[in-house]
Amino acid sequence: MYCVKCGVRLQDGVPSCPLCQTPVWNPDADKAEPEKRYSSRLPKRLPNERIPAAIFLTIVLCAVCSACFFFCMEQLGKVAWSGHVMLACAVVYVCAVLPMWFRKPNPVIFVPVSFAAVGGMLLYICVDTGGKWFLSFAFPVLGIITILTTAAVVLLRYVGRWKLFIIGGLLIAIGGSSMLIEMFQHITFETRMFVWSPYAVSAFCGAGLFLLLAGIIKPLRQWLIRRAFL
Amino acid sequence: MSHRYWLRLDNAALIFPAIRRPGWSNVFRESATLTEDIDPVILQEAAEDLQPRFPSLYVRLRAGVFWFYLEDIRAPLQVRKDFAYPLTYMSKEEQKTCCLRILYYKNRIAVEFFHALTDGNGAAVFLRTLVARYVELRYNVKIPAEKGVLDITEPYTQEEISDSFQKYSGKYALSRPEPNSYRLKGTREKDGFRHLITGVIPTKELLNTAHRYDVSVTVFLAAVMAKSVLDMQAVRVPRAFRKPVKITVAVDLRRIFQSGTLRNFALALNPGVDGRFGPYDIADLCKVIKHQLSAEILPQFMAGRIAENVLPQKLLILRIMPLFIKNFVMRLVYNYRGETKGSLNISNLGNVPVPDALSPYVQRLEFIIGTQITYPNNCSVISCGDVTCVNMIRNIRETELERRFFSQLVELGVPVAIESNDRINEGA
Chain Z
1437 MYCVKCGVRL
1447 QDGVPSCPLC
1457 QTPVWNPDAD
1467 KAEPEKRYSS
1477 RLPKRLPNER
1487 IPAAIFLTIV
1497 LCAVCSACFF
1507 FCMEQLGKVA
1517 WSGHVMLACA
1527 VVYVCAVLPM
1537 WFRKPNPVIF
1547 VPVSFAAVGG
1557 MLLYICVDTG
1567 GKWFLSFAFP
1577 VLGIITILTT
1587 AAVVLLRYVG
1597 RWKLFIIGGL
1607 LIAIGGSSML
1617 IEMFQHITFE
1627 TRMFVWSPYA
1637 VSAFCGAGLF
1647 LLLAGIIKPL
1657 RQWLIRRAFL
Chain D
997 MSHRYWLRLD
1007 NAALIFPAIR
1017 RPGWSNVFRE
1027 SATLTEDIDP
1037 VILQEAAEDL
1047 QPRFPSLYVR
1057 LRAGVFWFYL
1067 EDIRAPLQVR
1077 KDFAYPLTYM
1087 SKEEQKTCCL
1097 RILYYKNRIA
1107 VEFFHALTDG
1117 NGAAVFLRTL
1127 VARYVELRYN
1137 VKIPAEKGVL
1147 DITEPYTQEE
1157 ISDSFQKYSG
1167 KYALSRPEPN
1177 SYRLKGTREK
1187 DGFRHLITGV
1197 IPTKELLNTA
1207 HRYDVSVTVF
1217 LAAVMAKSVL
1227 DMQAVRVPRA
1237 FRKPVKITVA
1247 VDLRRIFQSG
1257 TLRNFALALN
1267 PGVDGRFGPY
1277 DIADLCKVIK
1287 HQLSAEILPQ
1297 FMAGRIAENV
1307 LPQKLLILRI
1317 MPLFIKNFVM
1327 RLVYNYRGET
1337 KGSLNISNLG
1347 NVPVPDALSP
1357 YVQRLEFIIG
1367 TQITYPNNCS
1377 VISCGDVTCV
1387 NMIRNIRETE
1397 LERRFFSQLV
1407 ELGVPVAIES
1417 NDRINEGA
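Just so you know, the protein sequences line up as chains Z and D, in that order. Read in this note's numbering, the first sequence has 1550 at position 114, and its numbers run on one by one without any break. Read in this note's numbering, the second sequence has 1270 at position 274, and its numbers run on one by one without any break.
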């Protein structure tokens, strides 16, 4: 039995050519199943290979936190600098160790969770040091960065195409938000306005516009792919 | 060999443990299809009988402070039933137990090797000795130790377990800058399934066709493969942006240096043509690839190419560098350079003879190399008697390369019979 399109000989009983998927139609042929070359046994689903590393890092971070806590209590009788160390360990745990417990950690979940952990730590530092910069500066700046990063991760993960447009748009958004960030800095710390943000706006927006143009102009895109990405 | 032993990795093997990653390990397979169904109990006995003769294969991978090394296995190797597809992932945990798998399915004995142990030619010696021992036990016949079958009553030799790269390395490294090549792409199988399409070809017809172009079978198949990839590139990429299409061909160095090692001793060359200057026909490609290969396969040049890999291994700074830093550096170098110079591999073991007393029991031999980290396709070839098996493995859904390759062979007058483990065709 031969494939009419490829010209290769096929195994008896196959419903279509494995090369071109052209259906086999031969009324004179036996309707027997083709001989299976491999068993139907699939390999065992393997455990997550990063779990031993996750266990090790969890133990190390717990040990660091405990040692700092007891040393600080022994020395000062209260949670002082050890609180900062413990929170830093917690942030490291949430950002780096927590995703290791999962076979395929979803960045759409873990990116905002990591930023929330960083926000929590900044809040603690602000309260502990008696500062007044969290609500007026850290929170909005972190919020902008979280929204932009999460949006980029979601788009790149689920859209899959138009990467140049996504990255270009993201760069323009970062450039635009730098003015907002400088405004929050000005409000909180009473510094001069428009000191550095115009440079950031022009640099990020320039790069973003270049990528948008590359997305539109095919030869430029091909050149860019050839030079930078392949 | 009853006492515990360990071996250094050979020069080519150093990279394989460093670049492995979840879901991918550099494993290849050789298998023999016999005339009757396999008895797993006898196969187990044959596998155990071979252990003293092949100390460099019955090993597990261990990590030291500065280097990986191979250590003998603690428990007898257990033969297992084959899986739904070849070259399933060999995890780090499995490599810590044994880097070798012996599998059976119906009338086929398959052996899968982590590439750090040996290369295709070393594996072919092991497979033939295993099959010969199995046939001896099963049918009570005597298979003489000839044509790649080793006498298992004799002890192993030092040459068999030696690192020939160190022995035959030149004093000066030969390094030639190469442009990056065109890469094939496709829709990856999410569950790691490997599709295999086997072209079964009469050796005589294939040889005759190759000789018509005045080239060897390896060069002819590389030319047909290059033509297929060039045609695909021509459809997908505008002419001005086309890249070189280069086929990575493994060269067995045993024939050049008369080495008897059973460990890795092969190098890869990347003959090919620039897609912008096309179109090329098969005769053009045969001519180019033949001359590119023959210009490189000189013992002096090969010694220089070996030196390029061996000399860094001897640097004191690298030797005292902790393993995790070495791994990081090797991984970085491999990611940057390792798979950028070729479009896909063709590994041809050539004619692998079996003893006359064994040939009535063996229908055919097969050789399958796995996909690379970034190459979705690879091709491996082996001939035994009048049957040549061209195995094309892929981890993507599209069959365009296989269709073009085998169709071109048919157009050139080579009859091809196709077999596959395709899930679509099996209704799975």
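Glycine included, every Cβ here is placed at the ideal spot set by N, Cα and C. Predicted model, so just to flag it, every value in this text is computed and none were measured.
Check	Outcome
What is the rounded straight-line gap between the Cα of D/Tyr1152 and the Cα of D/Arg1400?	45 angstroms
Enumerate in chain order the residues of its own chain whose CB-to-CB distance from D/Glu1394 is below 8 angstroms, with the five nearest sequence positions on each side excluded.	Gly1182, Thr1183
How would you list, in chain order, the residues of chain D whose beta-carbon sits under 7 angstroms from the beta-carbon of Z/Leu1512?	Chain D residues near Z/Leu1512: none, gap ~38 angstroms exceeds 7 angstroms.
Is D/Arg1399 close to chain Z, meaning its C-beta is less than 7 angstroms from at least one C-beta of that chain?	yes
Distance cutoff 7 angstroms, beta carbons only. Does Z/Gly1443 sit that close to anything in chain D?	yes
Give me the chain Z residues within the contact set of D/Ala1413, using Cβ-Cβ distance strictly less than 9 angstroms, ordered along the chain.	Val1444, Arg1445, Leu1446, Gln1447
Do you know offhand how far D/Asp1210's Cα is from D/Val1406's?	19 angstroms
Please report how far the alpha carbon of Z/Gly1651 lies from the alpha carbon of Z/Tyr1594, in whole angstroms.	18 angstroms
Closest to D/Leu1384 by C-alpha separation, out of D/Ile1392, D/Gly1366, D/Arg1360, D/Leu1265, would be which residue?	It is Thr, not Leu, that sits at residue 1384 of chain D in the sequence shown. Ranking the options by Cα distance to D/Thr1384, first place goes to D/Arg1360.
What is the residue span of the beta strand (DSSP E) that D/Pro1198 lies within?	1191 to 1198
Considering only residues of the same chain and omitting the five flanking positions on each side of Z/Phe1570, which have a CB-CB separation below 7 angstroms?	Leu1558, Leu1559, Cys1562
From the beta carbon of Z/Pro1543, is the nearest beta carbon of chain D less than 7 angstroms away?	no
Between the alpha carbons of D/Gly1366 and D/Ala1043, how many angstroms are there, rounded?	23 angstroms
Strictly by DSSP, which residues pair up with D/Asn1344?	D/Val1377
Taking only three categories from DSSP, how would you classify Z/Leu1455?	coil
For D/Ala1071, which option in D/Arg1004, D/Arg1000, D/Tyr1130, D/Val1023 has the closest C-alpha, if you only look at C-alpha atoms?	D/Arg1000
Would you kindly work out how many angstroms separate the C-alpha atoms of D/Phe1110 and D/Asn1260, rounded to a whole number?	11 angstroms
Can you check DSSP and say which residues form a bridge with D/Gly1268?	D/Lys1242
Is DSSP giving D/Met997 helix, strand or coil here?	The predicted model places D/Met997 with a pLDDT of 49, which falls under 50 and marks its position as unreliable; any figure quoted below should be read in that light. Coil at D/Met997, not helix or strand.
Is there contact here, the region 1236 to 1244 of chain D with the region 1137 to 1145 of chain D, by at least three beta-carbon pairs under 8 angstroms?	no
With a Cβ-Cβ cutoff of 7 angstroms, do D/Glu1108 and D/Val1023 count as a contact?	yes
Within the region 1493 to 1565 of chain Z, note down every full alpha helix (DSSP H) run reaching 4 residues or more, in order along the chain.	1517 to 1528, 1543 to 1565
By alpha-carbon positions, which one of D/Leu1046, D/Leu1202, D/Asp1227 ends up nearest to D/Thr1149?	D/Leu1046
How should D/Thr1205 be labelled, buried or exposed, when 16 other C-beta atoms within 10 angstroms of its C-beta is the threshold for buried?	buried
With distances taken Cα to Cα, identify the nearest neighbour of Z/Val1637 among Z/Thr1624, Z/Thr1565, Z/His1622, Z/Gly1612.	Z/Gly1612
Would D/Phe956 pass as an interface residue toward chain Z - the criterion being a Cβ-Cβ separation below 7 angstroms?	The requested residue 956 of chain D does not occur in the structure, where chain D is confined to residues 997 to 1424.
Which residues of the region 1474 to 1486 of chain Z have a Cβ closer than 7 angstroms to any Cβ of chain D? Give them in chain order.	Tyr1474, Ser1475, Ser1476, Arg1477, Leu1478, Pro1479, Leu1482, Glu1485
Determine whether the beta carbon atoms of D/Leu1397 and D/Ser1224 lie at a separation below 7 angstroms.	yes
Closer than 8 angstroms is the cut-off here; do at least three beta carbon pairs connect the region 1571 to 1578 of chain Z with the region 1617 to 1629 of chain Z?	yes
Can you list, in chain order, the residues of the region 1099 to 1111 of chain D whose Cβ is nearer than 8 angstroms to any Cβ on chain Z?	Tyr1101
Since Z/Gln1658 meets chain D, which of its residues come closer than 9 angstroms, beta carbon to beta carbon?	Val1233, Pro1234, Ala1236, Phe1237
For a test of your reading of the model: does the CB of Z/Trp1537 fall under 6 angstroms from any non-hydrogen atom of the ligand HEM? Yes or no.	The ligand HEM is absent from the structure shown, which contains no ligands of any kind.
If you draw a straight line from the alpha carbon of D/Arg1134 to that of D/Ile1034, how long is it in whole angstroms?	9 angstroms
Buried or exposed: where does Z/Thr1627 fall if 16 or more other Cβ atoms within 10 Å of its Cβ makes it buried?	exposed
Let me know the secondary structure DSSP gives Z/Cys1641 once reduced to three states.	helix
Any Cβ of chain Z within less than 7 angstroms of the Cβ of D/Ile1365?	no
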